[in-house]
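Peer 1: The sequence shown begins at -2 in my numbering and counts up by one.
Quick one: structure below, then a few questions.
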Amino acid sequence: MNLKCVNLGKKAMLFLLCLAGINLTMQAKNDYPYTFNPMKGLVDDTEKAFRQEICLNGKWSFMPVYGAKAGDFKLPGDFKWDATPIKIPSPWNVNDFTNKQGGDFVAYPSYPKKWKDATIGWMKKDFEVSKEWGADKRIILHFEGLMGKAMIYVNGKLVAENFELFMPLEIDVTDLIKSGGKNEVLVGIAKPKIFEEKGKNGRRVNVGGSMWGTEMAGIWQDVYLFAYPQVYVQDMFVQPSVTKKTLAFELEINNTTAKKKTVTIDGIVKQWINMAGKSINEAPVQSGKLDEKVALAVAGQKKVVLNPNCVTKVRIEQPVADGQLNYWTPSTPHLYGALISIKDGKKAIDTKYERFGWREFDIEGGHLRLNGKNISLAGDSWHFTGVPQMTRRYAWAWYTALKAANCNAARLHAQPFP
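Spelled out as structure tokens, the structure:
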């Protein structure tokens, strides 16, 4: 029954419900005025002069397939979409994530209970791309985490097959995207468990990680579409060494053009300042800025030759003087932002940002050391962080509880986390 009541007091409302034969207890509604899951995009503000993104999270069409075996995993001839959309990111069987071994809550109440029995799921999202994402950009489809064996189609064409649980996947879909028009991404995922070969020493054919790796299936982390320059930093790993007094940058530079390019690389490091609020509602919201002062200049004008249609690996090491950067420790978590730029002549064509701490762990004489000093780790191993709890507020609450108990460590059990 759908009752629409206008300008009715609580007593009048109860009276009408009683007349209708409905017995219920009135409860006060609790409205949370803050963003439940505060998040930022994967393109940092400092990169937006060269990079754009579209977040494809949200409601997707969903078609569950029940009773399917491994051999049934193929593109259906006809799609019968469920009346209930799936909310990406989340596995379709997230409400049954413990496989009846614990847990007494429902993460997504709108999901039909029968979804938990689906062994294959097909998910579809329609989206539009700006005309600005034209011929001078490379368009990358990015999945932070697909749980299960996946087939991915863009505008009707198969672009990738993947069998993973935890690691990201990127696909160049430049030639398939319609700039200024409508597009479609279709993802089919088969539950990992249907591929297990029990007769072969009882081993899985995939990396399970934990119970989530055998029970869960679906798009369980964020989905993005990126627009990058034709020559761009594909990956950057910041490697501080306190003992060597060096700050290293390992870069992968992708030249997607048909021409050889000679570029120069330089960069700067600035202190990162936390601007988040102090209250329990505001503190988990990521907010920060880089100091105006440059703390360290990086490898000015290093020339690199990039072969056409090729990824070139480059390593830069920058000396760090004593006191030039403040140490990161659990009690003094100083952070820095590195901005590495690629220049074609004097013109910057891409900038990559990465946040890091000036710190180094090593072992000497049987002792674990941080920044050359012995450190004892006291903390918690928490298995119950995974598919249902991927929010900043959950992580913030856990780490805050650890720090309040004078802990300085946390073991993220059984799987990598975003």
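Every residue gets a Cβ at the ideal spot worked out from N, C-alpha and C, and that includes glycine.
All values derive from a computational prediction rather than experimental measurement.
Any idea what DSSP makes of residue 91, helix, strand or coil?
Peer 2: Residue 91: helix per DSSP, three-state reduction.
Peer 1: For residue 397, which residues in the same chain have their Cβ closer than 7 Å to its Cβ, ignoring the five residues on either side in sequence?
Peer 2: Nothing listed; no residue qualifies.
Peer 1: Can you list, in chain order, the residues of its chain with a C-beta nearer than 7 Å to that of residue 20? Leave out the 5 residues immediately preceding and following it.
Peer 2: Note that residue 20 scores 45 on pLDDT, short of 50, meaning its location in the model is unreliable; the coordinates nonetheless yield the value given after this. Cβ within range, chain order: n/a, list empty.
Peer 1: Could you spell out where the beta strand (DSSP E) holding residue 119 opens and where it closes?
Peer 2: Taken as a continuous stretch (DSSP letters only), the beta strand (DSSP E) holding residue 119 covers 115 to 125.
Peer 1: As an exercise, report each continuous beta strand (DSSP E) stretch of at least 3 residues that is fully enclosed by the segment 327 to 357, in chain order.
Peer 2: With a minimum length of 3 residues, the continuous beta strand (DSSP E) runs that stay inside the segment 327 to 357 are 332 to 341, 344 to 353.
Peer 1: Where does residue 140 sit, in a helix, a strand or coil, going by DSSP?
Peer 2: Residue 140 falls in the strand class under three-state DSSP.
Peer 1: Is it a yes or a no for the segment 313 to 321 touching the segment 340 to 354, going by three-plus beta-carbon pairs under 8 Å?
Peer 2: The answer is no - the segment 340 to 354 does not touch the segment 313 to 321, with fewer than three Cβ pairs under 8 Å.
Peer 1: Kindly examine the ligand FAD and report whether one of its heavy atoms sits closer than 7 Å to the Cβ of residue 174.
Peer 2: By its list of ligands, the structure shown contains no ligand whatsoever, and the ligand FAD lies outside what it can speak to.
Peer 1: Where does residue 457 land, buried or exposed, given buried means 16+ other C-beta within 10 angstroms?
Peer 2: No answer is possible for residue 457: it lies beyond the span of the chain, which begins at -2 and ends at 415.
Peer 1: In angstroms, rounded to a whole number, what distance separates the CA positions of residue 281 and residue 331?
Peer 2: Near 17 Å, if we compare the C-alpha coordinates of residue 331 and residue 281.
Peer 1: Taking the alpha helix (DSSP H) that residue 399 falls in, what are its first and last residues?
Peer 2: 389 to 401 is the span of the alpha helix (DSSP H), which, as asked, contains residue 399.
Peer 1: Out of 28, 51, 80, point me to the one whose CA is closest to residue 138's CA.
Peer 2: Of the candidates 28, 51, 80, the one whose C-alpha sits nearest the C-alpha of residue 138 is 51.
Peer 1: I'd like to check one pair, residue 88 with residue 185: are the Cβ atoms closer than 8 Å?
Peer 2: No; because the gap between Cβ atoms is not below 8 Å, this pair is not in contact.
Peer 1: Helix, strand or coil for residue 259 per DSSP?
Peer 2: In this structure, residue 259 counts as strand in the three-state DSSP scheme.
Peer 1: For residue 273, which residues in the same chain have their Cβ closer than 8 Å to its Cβ, ignoring the five residues on either side in sequence?
Peer 2: Once the five neighbours on either side are set aside, the close Cβ partners of residue 273 are 279, 280, 281, 282, 283, 284, 285.
Peer 1: Considering Cα atoms alone, identify which of 234, 254, 366 is closest to residue 245.
Peer 2: Minimum Cα distance to residue 245 is reached at 234.
Peer 1: Taking the continuous beta strand (DSSP E) assigned at residue 154, which residues delimit it?
Peer 2: Residue 154 -> beta strand (DSSP E) spans 154 to 161.
Peer 1: Could you tell me if residue 146 is buried or exposed, where buried requires 16 or more neighbouring beta carbons within 10 angstroms of its beta carbon?
Peer 2: Flag for residue 146 reads buried.
Peer 1: For residue 417, list the residues DSSP reports as bridge partners.
Peer 2: Since the first residue shown for the chain is -2 and the last is 415, residue 417 is missing from the structure and cannot be characterised.
Peer 1: Just curious, the beta strand (DSSP E) that residue 207 is in, first and last residue?
Peer 2: Premise fails: residue 207 is in no beta strand (DSSP E) and is neither H nor E.
Peer 1: Taking a contact to mean a Cβ-Cβ separation below 8 Å, would you say residue 140 touches residue 206 in this structure?
Peer 2: No, the Cβ-Cβ distance between residue 140 and residue 206 is not below 8 Å.
Peer 1: Identify, in the order they occur along the chain, each residue of the same chain with its Cβ nearer than 6 Å to the Cβ of residue 345, setting aside the five sequence neighbours on each side.
Peer 2: Cβ within range, chain order: 338.
Peer 1: Of the residues 238, 78, 187, 395, which one's Cα is nearest the Cα of residue 59?
Peer 2: For residue 59, the nearest C-alpha among the options comes from 78.
Peer 1: Could you give the C-beta distance for residue 326 and residue 367, rounded to a whole number, given that I count them as a contact under 8 Å?
Peer 2: 6 Å between Cβ atoms; contact.
Peer 1: With three or more C-beta pairs closer than 8 Å as the rule, is the segment 243 to 263 touching the segment 220 to 232?
Peer 2: Touching, per the Cβ criterion.
Peer 1: Is the beta carbon of residue 176 closer than 8 Å to that of residue 126?
Peer 2: Yes; because the gap between Cβ atoms is below 8 Å, this pair is in contact.
Peer 1: Apart from the five residues just before and just after residue 187, which ones in its own chain have a Cβ nearer than 6 Å to its Cβ?
Peer 2: So the qualifying residues of the chain are 70, 117, 145, 146.
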